[in-house]
Structures are given as C-alpha cells and as structure tokens.
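S.K.: Using my numbering, the first residue of the sequence shown is number 5, and each one after it goes up by one.
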Amino acid sequence: MSDIAKLQIGENSYEFPLVKGTENEVAIDIKSLRTATNGVITIDAGFKNTGSCESGITFLDGEKGILRYRGYSIDELAEKADFLEVAYALIFGELPTKEELDKFHADIKLKSVVDDDVRKILEAFPKTAHPMGILSSLTSALTAFNPSSVNVNSEEEMYNAIVKIMGKFPVLVAWTMRKKSGLPLNYGSKSLGYVENIMKMMFEEPNEEYVINPIIKDALDKLLILHADHEQNCSTSTVRIAGSSHAGLFASLSAGISALWGPLHGGANQAVLEMLEAIKEDGGDTKKYMAKAKDKNDPFRLMGFGHRVYKNFDPRATIIKKAADEVLKDLGIEDPILEIARGLEQEALNDSYFVDRKLYPNVDFYSGIIYRAMGIPVEMFTVMFALGRLPGWIAQWKEMRLNKEPIGRPRQIYTGENLRPFKSIEKR
Ligand code: SDX
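1. Quick check on Ala87: buried or exposed, where buried means 16 or more other Cβ atoms within 10 Å of its Cβ?
2. Within 7 Å: the Cβ of Asn354 and any heavy atom of the ligand SDX?
3. Mapping DSSP to helix, strand and coil, what is Tyr73?
4. Just grab the DSSP bridge partners of Val30 for me.
5. So is Leu391 buried or exposed if we call it buried at 16+ other beta carbons inside 10 Å?
6. Is there at least one non-hydrogen atom of the ligand SDX closer than 7 Å to the beta-carbon of Leu306?
7. Starting from Leu176, follow the alpha helix (DSSP H) in both directions and report where the run begins and ends.
8. What is the rounded straight-line gap between the Cα of Gly412 and the Cα of Lys296?
9. Just grab the DSSP bridge partners of Ile261 for me.
10. Anyone know if the C-beta pair for Tyr198 and Phe207 falls short of 8 Å?
11. Could you have a look at Ile13 and say whether DSSP puts it in helix, strand or coil?
12. Indicate whether Lys203 and Leu189 have their beta-carbon atoms separated by less than 8 Å.
13. Taking Ala49 as the reference, give the member of Arg432, Glu430 and Ile417 with the closest Cα.
14. Between Gly372 and the ligand SDX, is the CB less than 7 Å from at least one heavy atom?
15. Report the three-state DSSP secondary structure of Pro365 (helix, strand or coil).
16. Considering only their Cβ atoms, is the gap separating Arg244 from Trp401 smaller than 8 Å?
17. Would you list the one or two residues that DSSP bridges to Asp65?
18. What's the call for Ser24, buried or exposed, on a 16-neighbour Cβ count within 10 Å?
19. Tell me whether Asn150, by its Cβ, gets closer than 7 Å to a heavy atom of the ligand SDX.
20. Evaluate Arg74 with the Cβ neighbour count: other Cβ atoms within 10 Å of its Cβ, from every protein chain shown; 16 or more gives buried, anything less gives exposed.
21. Whose CA, out of Arg424, Val30, Arg405 and Gly420, lies closest to the CA of Glu2?
22. In whole angstroms, give me the CA-to-CA distance for His109 and Arg38.
23. With DSSP run on the structure shown, which of helix, strand or coil describes Phe309?
24. Helix, strand or coil: how does DSSP classify Tyr214 here?
25. In three-state DSSP terms, what is Tyr191?
26. I'd like to know whether the C-beta atoms of Thr143 and Leu94 end up nearer to each other than 8 Å.
27. So, are the CB atoms of Ala399 and Asp233 less than 8 Å apart?
28. Apart from the five residues on each side of it in sequence, which residues of its chain come closer than 8 Å, Cβ to Cβ, to Ile70?
29. Using the C-alpha atoms, what's the distance from Leu363 back to Leu423?
30. Residues in the same chain with beta-carbon distance under 8 Å from Asp339, minus the five sequence neighbours each way, listed in chain order, please.
31. Would Ile323 and Leu230 be called neighbours here (beta carbons separated by less than 8 Å)?
32. State yes or no: is the C-beta of Asp368 nearer than 7 Å to some heavy atom of the ligand SDX?
33. Give a yes or no on whether the C-beta atoms belonging to Ser241 and Gly270 are separated by under 8 Å.
34. Within the present structure, is the beta-carbon of Val167 separated from the nearest heavy atom of the ligand SDX by less than 7 Å?
35. Identify which residue in Ile138, Asn157, Glu161 and Ile219 has its Cα closest to the Cα of Arg182.
Rendered as structure tokens:
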C-alpha cells in the first residue's frame with residue numbers, strides 16, 4: 005500500500021500522508037486538510053470512522069473479537085493477573101515486578117483516606133439519588149481537598165495524583181453504596197489486598213467480622229480487569245477531551261463518570277437487569293421483547309446487545325458469561341434471570357435482524373447477573389463499571405498529557421439561518 009491518500013475535490017487533487025499502527029491499522033492524517041483545501045473539513049457523526057489519537061494502551065479488533073491491554077490478551081489477563089497488576093500495566097506500560105507492585109499498593113494505601121468533609125457532601129444527597137450522580141460529584145469534589153493534584157506538570161506530581169485517586173475512588177464507591185443501604189460509612193483494612201479491601205468496605209456489616217469469600221473475590225477481580233480499558237469509547241474520549249483543556253485528573257474523571265452513566269454506554273448493565281426483570285415479570289415472554297427490539301417504531305432496544313466496534317462476539321462477554329455460570333453454581337444460586345438471558349441470546353443469535361446487523365451480547369449483557377449474585381444493588385452496577393474503568397481512564401489521560409496533545413476542539417458544518425437583520429419585538 006502506498007503511504008499517501010489522494011483526494012479529488014472538483015478540479016483539485018490533494019495528497020495526505022497515511023499513518024500506520026503496530027497492528028497495521030491505517031489512518032489518513034488530515035491535519036492539513038482545511039488549510040490545503042481552503043476550508044473543507046470532514047464530518048462523521050459519532051466518530052464512527054474517525055480516530056482521535058494515536059495510543060499505545062489498548063488494542064481491539066472488532067471484526068475478530070480481539071482485546072489486548074499493553075499487548076497482553078484479555079483472556080490471559082483475566083485468567084492469570086489480578087486487578088491491581090492490570091491497573092499498573094495500563095497506567096505505566098508494563099506488568100509490574102513484585103517490588104513495583106508492592107510499592108504501588110503501599111503508596112495507594114497511604115493516600116486512601118478521604119477528607120471527612122466529603123462525608124458532608126455525601127450526606128447532603130437524598131437516599132434516592134442515583135449512585136453515578138453521587139460518584140461523579142464526589143470525584144470532582146476531591147479536587148477541593150487535593151488541590152496539589154490539579155494540572156500536574158511532572159511525572160512525580162502525576163504519580164501522586166494517580167495513587168491518590170486509586171486509593172480514594174474505592175472509598176467513594178463503597179460510601180456511595182453504603183449511603184443508599186443506610187450502612188455506616190467505613191474504611192477497609194490496610195492489611196488486605198486491593199480488591200479484598202474494596203469488598204470489605206462495600207459489604208462489611210457493622211456488627212460482624214467480614215470474611216472474604218474467595219469466589220466473589222476472584223469474580224470481582226475478573227470483572228474489574230475486563231472493564232479496565234477499552235480504547236477510545238465514549239467515556240474515555242470524554243476524559244481525554246476534558247483533560248485536553250488541562251482540567252485536572254479528578255475533574256476529567258468526573259466528566260468520564262457522567263458519560264459512562266448513559267444507558268447506551270456503561271448504564272447498559274443496569275438497563276439489562278431491569279430489562280430481564282421486566283421480561284420475567286411479564287411471564288418470560290422473550291419473543292415479545294425481541295419483536296419490540298426489532299420494531300423501528302418502538303424505542304425499546306435489547307440492552308446489552310450490539311456494539312460500536314465489536315461486529316463479532318465481545319470477548320469480554322464470552323468470559324463474563326462463563327464466569328456467571330461458575331459464580332452462581334459455586335454460590336449455589338438459582339437465578340431465573342440467567343435462563344432468560346440465555347434464552348434471549350439464543351433467539352438473537354438465530355434472528356436475521358440481529359445477525360444481519362452483527363448485534364451480539366456485549367460486556368454489559370451478563371455482568372449484572374454476577375453483580376447481583378454478589379449482593380450489589382442494580383443501581384450500583386454502573387458504579388462497578390466505573391471502578392473497573394478507573395485505571396484505563398487514568399492511563400489514557402496520562403498518555404494524552406504526556407504526549408502534549410492539543411485541546412480538543414472539533415469543527416462543524418453550519419446549517420442554520422443565513423445573515424438576517426434584527427427584528428424589533430413589535431414586528432415579530
Ligand atoms: C459499552 O464503545 C465501547 O467500547 C463501549 C464499551 C466500553 O467498554 O467502554 O464497550 C461499553 O458501552 C457497551 C455497549 C452497551 N450499550 C448497550 O448495550 C445498549 C444497547 N446497544 C445499542 O444501543 C447500540 O448497539 C450501541 C449504542 C452499543 C452501538 O450503537 P451504534 O454503533 O451507533 O449502532 P447503531 O445505533 O447505528 O445501530 C445499527 C443498527 C440500527 O438498525 P438500522 O437503523 O440499521 O435498521 O442496529 C440496530 C439499530 O437500530 N441496533 C439495535 C441494537 N443496537 C443496534 N437494535 C436493537 N437492539 C439493540 N441493542
């Protein structure tokens with residue numbers, strides 16, 4: 005393939021360099037387009053064909069169902085690594101040695117206390133508040149209590165901001181859940197591992213010794229790893245573009261949490277469980293809901309199905325589906341919802357509407373079944389997605405800042421009124 009792209013506009017032809025990645029992806033570098041063509045730009049609603057950056061963090065191939073973090077396949081990471089190792093690899097580029105991992109964890113533990121005034125902000129929320137709204141607010145509020153972490157200009161400052169948020173975010177997640185359930189806010193224990201500590205903070209009852217269930221610990225580790233990054237998805241792009249104005253790390257993460265909240269994105273895991281519950285309440289009639297999903301006049305979509313990039317099975321969904329079976333069996337839980345999910349999947353995989361549009365189960369389709377088996381309330385599911393995605397957001401924000409990327413500022417094509425004179429109110 006030649007290393008240039010040619011463009012013909014009217015009588016004029018233009019050439020633009022091609023950018024090729026380490027996995028042979030090819031992009032047309034159009035940074036000179038508007039100048040060379042005297043104002044012509046491209047337009048691409050939803051950026052379905054547009055790359056925002058060059059990144060060395062995560063590679064995915066939607067046609068082949070491939071996902072790798074820093075070159076490591078998601079299957080191997082989910083099977084052989086723990087979440088903190090994967091977080092380290094995403095953020096710093098390599099799987100850590102034992103010493104590096106121990107130091108990272110020790111530094112995180114030193115910074116995992118949240119200023120007690122944050123509790124007052126939390127207390128001001130009504131119990132009915134959605135946990136994602138609480139989490140986004142508290143994450144942004146951290147900036148007020150950690151001003152030094154804003155606008156980091158050095159690797160050391162950035163490292164301090166990273167270990168702070170890796171330490172404090174799980175506390176905010178646990179406090180958000182406990183606020184909803186009316187349990188007293190707590191801290192875990194520095195003697196525990198990173199994920200075990202999250203479990204203790206989330207699930208500990210005030211009047212009994214909390215015992216770590218290894219089945220749940222392994223399942224949570226796996227779920228957090230599977231959610232840890234996913235290249236330039238909606239919320240990660242939000243974190244990058246917010247950070248490109250040199251807004252601080254915590255403020256940029258807060259923006260990402262808000263983007264993840266939407267039911268078309270991370271909010272889908274909650275919407276899947278609500279959909280499955282509705283089908284169960286409705287007598288388990290999956291065919292009716294399949295018909296609704298295909299009806300263009302019905303806004304209903306089969307939540308947990310389809311993906312902007314994966315036009316094959318989402319590799320994470322395959323792993324999570326297997327884990328759901330194992331966790332429910334190991335915990336001795338019979339959940340009719342799982343059967344309904346399986347039935348829907350089978351129907352969709354044999355339905356031309358879904359097959360023709362390459363709509364397969366995505367990461368959100370089965371994850372909620374495991375969260376529910378863990379005793380996590382459905383409104384907290386997307387918070388768990390954010391907890392997993394945190395290291396990915398941090399890694400992407402860090403890469404964007406270290407690459408000194410310009411402020412994100414897309415163009416537009418104006419389709420409004422042409423110039424017209426002001427009309428006084430009497431004449432309108
Ligand atoms: C995540 O980007 C990421 O990487 C995200 C994520 C991550 O890790 O960060 O993977 C996490 O967000 C997973 C996706 C979770 N969302 C859902 O499960 C919500 C349900 N899915 C859809 O809303 C949809 O599939 C999207 C939003 C995920 C993708 O939408 P696209 O790429 O914009 O595709 P589209 O809306 O243009 O759909 C193409 C066709 C349309 O039909 P036609 O107009 O061609 O006739 O497929 C149809 C759509 O109507 N379609 C669906 C459908 N998804 C797409 N029809 C019924 N049910 C669905 N779920």
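We put the CB at the ideal spot given by N, CA and C, even for glycine.
M.R.: In brief:
1. The question names Ala, yet the displayed sequence has Phe at residue 87. Result: buried.
2. It does not: the Cβ of Asn354 is nowhere closer than 7 Å to a heavy atom of the ligand SDX.
3. Tyr73: strand per DSSP, three-state reduction.
4. Val30 is bridged to Lys24.
5. It counts as buried.
6. Leu306 Cβ: within cutoff of the ligand SDX.
7. For Leu176, the uninterrupted alpha helix (DSSP H) run begins and ends at Glu159 to Ser185, by DSSP.
8. Taking the straight line joining both Cα atoms gives about 39 Å.
9. Looking at the DSSP assignment, Ile261 forms no beta bridge with any residue, so it has no partner.
10. Going by C-beta atoms, Tyr198 is not nearer than 8 Å to Phe207.
11. Looking at Ile13 - three-state DSSP - the assignment turns out to be strand.
12. In the sequence as presented, Lys is not what sits at residue 203; that position holds Met. In this structure, Leu189 does not lie closer than 8 Å to Met203 by Cβ.
13. Minimum Cα distance to Ala49 is reached at Ile417.
14. No, the beta carbon of Gly372 sits no closer than 7 Å to any heavy atom of the ligand SDX.
15. Shown here, Pro365 sits in a strand according to DSSP, grouped into three states.
16. Yes; because the gap between Cβ atoms is below 8 Å, this pair is in contact.
17. Answer by DSSP bridge pairing, in chain order: Ile70.
18. One detail in the question is off: residue 24 reads as Lys in this sequence, not Ser. It is exposed - the Cβ of Lys24 has fewer than 16 other Cβ atoms within 10 Å.
19. No, the ligand SDX has no heavy atom inside 7 Å of this Cβ.
20. Arg74 is buried by the Cβ-count criterion.
21. Here the chain comprises residues numbered 5 to 432, so residue 2 is not present and cannot be evaluated.
22. So the alpha carbons of these two residues sit roughly 48 Å apart.
23. If DSSP states are grouped into helix, strand and coil, Phe309 belongs with the strands.
24. Three-state DSSP puts Tyr214 in coil, outside helix and strand.
25. Here Tyr191 carries a coil assignment [DSSP, helix/strand/coil].
26. It is not a contact, given that the beta carbons lie outside the stated cut-off.
27. For Ala399 and Asp233, yes; Cβs fall inside 8 Å.
28. The beta carbon of Ile70 lies closer than 8 Å to those of Phe63, Leu64, Ser77 and Pro319 in the same chain, with the five residues before and after it left out.
29. Distance between the alpha carbons of Leu423 and Leu363: 45 Å.
30. For Asp339, where only same-chain residues beyond five positions count, the Cβ hits under 8 Å are Leu332, Ile373, Arg376 and Ala377.
31. Yes, they are a contact pair.
32. Yes - the ligand SDX has a heavy atom lying nearer than 7 Å to the Cβ of Asp368.
33. No, they are not a contact pair.
34. No; taking the cut-off as 7 Å, the Cβ of Val167 has no heavy atom of the ligand SDX nearer than that.
35. Minimum Cα distance to Arg182 is reached at Ile138.
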